[in-house]
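A short worksheet on the structure shown next.
Protein chains: 2
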Amino acid sequence: MSKTLERHAKLRDALILAAERSIAAGGLGALKTRELAREIGCANGAVYNLVEDMDELILRVGSRTLGRLDAFLTAAESESSASSGERLVRIAIAYCDFAAQNFELWRALFEHRMQRGKPTPDWAIGEQMELFRHIYRPLATLFPKKSAQEISVTARSLFSAVHGMVALGLEQKLIAVPLDALRTEISIIVKAIVNGLALEAQ
Amino acid sequence: MSKTLERHAKLRDALILAAERSIAAGGLGALKTRELAREIGCANGAVYNLVEDMDELILRVGSRTLGRLDAFLTAAESESSASSGERLVRIAIAYCDFAAQNFELWRALFEHRMQRGKPTPDWAIGEQMELFRHIYRPLATLFPKKSAQEISVTARSLFSAVHGMVALGLEQKLIAVPLDALRTEISIIVKAIVNGLALEAQ
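The listed protein sequences derive, respectively, from chains X and V.
Under the numbering used here, the residues of the first sequence are numbered 580 to 781, in order.
Under the numbering used here, the residues of the second sequence are numbered 580 to 781, in order.
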């Protein structure tokens, strides 16, 4: 790699890390190009030699968050030889814990909207989809007669339901919920969904 | 009412309606004091004689949205003499339809965060809580042995789960879901939760 390219890559990494720190501290609303440029020691305009636009920068930070979430969920899975149903409960609770521990970065994943008319790039969608395997696999074991398509739809629904509980719980919208109570509730609801779906599939 | 008070009340209503139109058209991000002032024909600063701050203005618009949601859910309930379980499914689907039809105003209810350190006023929390009766009542009928506290917690969980499905589905985060497919999925998951909880309660 030439020295120029090397410097460019280092500066780009520094920019992404600075953006990550900024989002972690104050959310997406706190992200300012000028401050990032000052922090990594480059001119304001030079930021857009490093990333295409603000969307790409936020997606790159999101990519790091998703990577850590992936590792966190994998660790939760390997903890025990639980049944597939119990595994889904564990994954859901691990998701809640990760969100609580990485609140602003996790929140940014969902709050970010692409600039009007611009589609989310394929690489970012691919990374999001990749995470669904944590839910997909136990569901496929639980419901062997369902098609891959049906399992995908159920995985998405189950994720969305758990995400809703985590989001409203942690945002403290509508009555604040202590984290322990939220974890208990998630466990009850995921168990109910799994058992309810099993009843229907019989 | 004196003419001055009357004028004040009229201008305040006009401000809230102008804010509602602005949010409906472009979301919370599009709300600008200056444009609202121009639209209702008053000076920029005069806006804050009509409402305390932007938070209050947004909450007043939210209050109108919640009022319409309440009426919408009530209409959905009165459509049939369904069982309590079916009623919960209907309410969930009606919630989804309302969100789809009032996307930006519905989204603003959840996106709005009070300025740092300021609590949500009691009147706004009261209005939000009031809506839970639509879920609370059928749940109380389904689970007569559960305490009021337990039913409240379950109502909040059920709402959060449905809200998550609606939010991620309509935001088109993670694979776009056609509205019909989303309604079907909500119906499957709410039914599974109700049946799964009933199984546990036996």
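For every residue, glycine included, the Cβ atom is placed at its ideal position computed from N, Cα and C.
Rounding to the nearest angstrom, what Cα-Cα distance links V/Tyr674 and X/Lys724 in this structure?
Numbered from 1 along the second sequence, position 95 holds the residue referred to as residue 674 of chain V. Numbered from 1 along the first sequence, position 145 holds the residue referred to as residue 724 of chain X. Each residue's alpha carbon lies about 31 Å from the other.
Taking its Cβ as the centre, do 16 or more other Cβ atoms sit within 10 Å of V/Pro717, making it buried, or is it exposed?
Your numbering for residue 717 of chain V matches position 138 in the second sequence. By the 10 Å Cβ count, V/Pro717 comes out buried.
How would you label X/Ile672, buried or exposed, when you count the other beta carbons within 10 angstroms and need 16 or more for buried?
By one-based count along the first sequence, residue 672 of chain X stands at place 93. So X/Ile672 ends up on the buried side.
So, does the CB of X/Ile772 fall closer than 8 Å to a CB anywhere in chain V?
Looking up residue 772 of chain X in the first sequence gives position 193. For X/Ile772, the answer is yes, since a Cβ of chain V falls inside 8 Å of its Cβ.
Cβ of X/His742 less than 8 Å from any chain V Cβ?
As a first step, residue 742 of chain X must be located in the first sequence, where it is residue number 163. Chain V, which has a Cβ nearer than 8 Å to the Cβ of X/His742, makes this yes.
Any beta carbon from chain X within less than 8 Å of V/Val640's own beta carbon?
The sequence position of residue 640 of chain V within the second sequence is 61, counting from 1. No, no contact with chain X.
Starting from the beta carbon of V/Ile768, find every residue of chain X whose beta carbon is closer than 9 Å, and list them in chain order.
Along the second sequence, read from residue 1 onward, the residue named residue 768 of chain V stands at position 189. The answer, in chain order, is Thr733, Ser736, Leu737, Ser739, Ala740, Ile772, Gly775, Leu776.
Can you list the residues of chain V that X/Gly748 reaches, using a CB-CB cut of under 8 Å?
Residue mapping note: residue 748 of chain X aligns to position 169 of the first sequence, counting from 1. Ser739, listed in chain order.
At the 8 Å Cβ level, is X/Glu764 part of the contact set with chain V, yes or no?
Residue 764 of chain X sits at position 185 when you count from the first residue of the first sequence. Yes, contact with chain V.
Where does V/Arg586 land, buried or exposed, given buried means 16+ other C-beta within 10 angstroms?
Walking along the second sequence from the start, residue 586 of chain V turns up at place 7. Classification for V/Arg586: exposed.
Residues of the region 581–602 of chain X with a CB closer than 7 Å to any CB of chain V: list them in chain order, please.
Residues: none.
Determine, using beta carbons only, whether V/Glu779 comes closer than 8 Å to chain X.
By one-based count along the second sequence, residue 779 of chain V stands at place 200. Yes - at least one Cβ of chain X is within 8 Å of the one on V/Glu779.
In terms of alpha-carbon separation, which member of X/Glu599, X/Ala661, X/Ala727 lies closest to X/Ile637?
In the first sequence, the residue the question calls residue 637 of chain X occupies position 58. Taking only the C-alpha atoms, the option nearest X/Ile637 is X/Glu599.
Could you say if the region 651–665 of chain X and the region 619–626 of chain X meet the contact criterion of at least three C-beta pairs nearer than 8 Å?
No, they do not touch.
Would you kindly check if the distance between the Cβ of V/Ile602 and the Cβ of V/Leu610 is under 8 Å?
On the second sequence, position 31 is the one that residue 610 of chain V refers to. On the second sequence, position 23 is the one that residue 602 of chain V refers to. The answer is yes: Cβ separation under 8 Å.
Assess, as a yes-or-no matter, whether the region 765–779 of chain V is touched by the region 679–687 of chain V under the definition of 3 or more beta carbon pairs within less than 8 Å.
No contact exists between the region 679–687 of chain V and the region 765–779 of chain V.
Mind checking which residues open and close the alpha helix (DSSP H) that includes X/Leu749?
As a first step, residue 749 of chain X must be located in the first sequence, where it is residue number 170. Its alpha helix (DSSP H) spans residues 727–749.
Can you give the beta carbon distance from X/Phe689 to X/Ala780, rounded, assuming they're within the 8 Å contact cut?
Looking up residue 689 of chain X in the first sequence gives position 110. Looking up residue 780 of chain X in the first sequence gives position 201. The pair is not a contact, with the Cβ atoms about 30 Å apart (cut-off 8 Å).
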